[in-house]
Amino acid sequence: NAGVTQTPKFQVLKTGQSMTLQCAQDMNHNSMYWYRQDPGMGLRLIYYSASEGTTDKGEVPNGYNVSRLNKREFSLRLESAAPSQTSVYFCASSGGRQSSGANVLTFGAGSRLTVL
Amino acid sequence: QKEVEQNSGPLSVPEGAIASLNCTYSDRGSQSFFWYRQYSGKSPELIMSIYSNGDKEDGRFTAQLNKASQYVSLLIRDSQPSDSATYLCAVGDNNNDMRFGAGTRLTVKP
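Top line first, the protein sequences correspond to chains A and B.
1 is the number of the first residue of the first sequence in our numbering; add one for each residue after it.
1 is the number of the first residue of the second sequence in our numbering; add one for each residue after it.
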C-alpha cells in the first residue's frame, strides 16, 4: 500500500519555466490537497479538491493551477515559475468529512522545488 | 480569512516533564481539529484528532478542545527526547478546507 505518491522529489527550474507536480493516492480517498511549506510559515494551503470533479482555492493559489484528473490523481502546475515559489510542496489526501476519521490527512513525502 | 495561530517557540522542556502546546483558530464554523508531528525533513504525521469539546487522551498525549474559546491544545506527558519535533495544529471546516498553524518547535532535553 503506497499511500500518497508525489513526483518529482526534487526539481530545479529557471524563472519563467513551467512544470507539473504529480500526486496519486491509492486509498480511495475523496479529498486531495496541495500545500507549500516555507521556513517558519507552517503549511499553507494552495488548492484542494473535496471530491472528484471539484477544486477550490486555498490561502495562496496565485501562480498555480490544479487538475483533479480522476479520483486517484491531483496535479499542481506552475505555468511560469518565480523565485518566490521556491518551497517544499506536500500533497495530501483524506477520506473527506463523510468518512470515519473525517479529514485526517495522509501526506506524501514532499517535493523540493528550487526556482533560480 | 481562516487563521490558525500557534506560538512558534521554540519550547524546551526537560525529559519527563509535561509539554503544553496551544493553538487558536478564527473560523467558528470549524468542525475538526488535529495535531500533527513533523520531524525535520519529513512529512507531517497525525498525533491526535478531536471533534467535540473536552479532552481526548491517547497514551501520553491529551488533546483539549474548547469551541467557545476557539482554542485547542496538546499536552505531552513524560516527554521524551524522541518527542523533539515541530507540532502543527490543523483545523478543518465542513467543506474539507484544512488549514495549518505555523507550528511550534519542541525540544526535549535529556
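For every residue, glycine included, the Cβ atom is placed at its ideal position computed from N, Cα and C.
| Asked | Found |
| --- | --- |
| When we look at the beta-carbon of residue 97 of chain B and count the other beta-carbons within 10 Å, is it buried (16 or more) or exposed? | buried |
| Residue 22 of chain A by DSSP, collapsed to three states: which one? | strand |
| Tell me which residues share the same chain as residue 24 of chain A and place their Cβ nearer than 7 Å to its Cβ, disregarding the 5 neighbours each side in the sequence. | 5, 72 and 73 |
| Using DSSP's beta-bridge definition, name the partner residues of residue 106 of chain A. | A:93 |
| What does the alpha-carbon distance come out to for the pair residue 64 of chain B and residue 76 of chain A? | 35 Å |
| Taking the alpha carbon of residue 16 of chain B as the point to measure from, which residue in B:54, B:51 and B:75 has its own alpha carbon closest? | B:75 |
| Indicate whether residue 4 of chain B and residue 108 of chain B have their beta-carbon atoms separated by less than 8 Å. | no |
| Work out the CA separation of residue 62 of chain B and residue 78 of chain A for me, nearest whole Å. | 40 Å |
| Can you tell which of A:15, A:22 and A:27 has the C-alpha that lies nearest to the C-alpha of residue 94 of chain A? | A:27 |
| Give me the Cβ distance between residue 56 of chain B and residue 50 of chain B, rounded to the nearest whole Å; I'm assuming they're in contact under 8 Å. | 5 Å |
| Could you check the C-alpha separation between residue 54 of chain B and residue 80 of chain A for me, to the nearest Å? | 47 Å |
| If residue 116 of chain A and residue 15 of chain A are in contact, beta carbons under 8 Å, what's the gap, nearest whole angstrom? | 7 Å |
| If you run the structure through DSSP and keep just helix, strand and coil, what is residue 80 of chain B? | coil |
| Select from B:2, B:10 and B:1 the residue whose C-alpha is nearest the C-alpha of residue 104 of chain B. | B:10 |
| Do residue 83 of chain B and residue 46 of chain B have their CB atoms nearer than 8 Å? | no |
| Residue 87 of chain B: buried (16+ other C-beta within 10 angstroms of its C-beta) or exposed? | buried |
| Rounded to a whole number of angstroms, what is the C-alpha to C-alpha distance between residue 87 of chain A and residue 37 of chain A? | 6 Å |
| Just reading off the beta strand (DSSP E) that residue 111 of chain B is part of, what are its end residues? | Chain B is shown only over 1 to 110; residue 111 of chain B falls outside these bounds and no answer can be derived. |
| In the region 8 to 28 of chain B, which residues sit with their C-beta less than 8 Å from some C-beta in chain A, listed in chain order? | 8 |
| Write down every uninterrupted run of the beta strand (DSSP E) in the region 12 to 59 of chain B whose length is 3 residues or greater and which is fully enclosed by it, in chain order. | 19 to 25, 32 to 38, 45 to 50 and 54 to 58 |
| What residue range is occupied by the uninterrupted beta strand (DSSP E) comprising residue 11 of chain A? | 10 to 13 |
| Measure the alpha-carbon distance for residue 46 of chain A versus residue 25 of chain B and round it to whole angstroms. | 19 Å |
| Considering only residues of the same chain and omitting the five flanking positions on each side of residue 7 of chain A, which have a CB-CB separation below 6 Å? | 22 |
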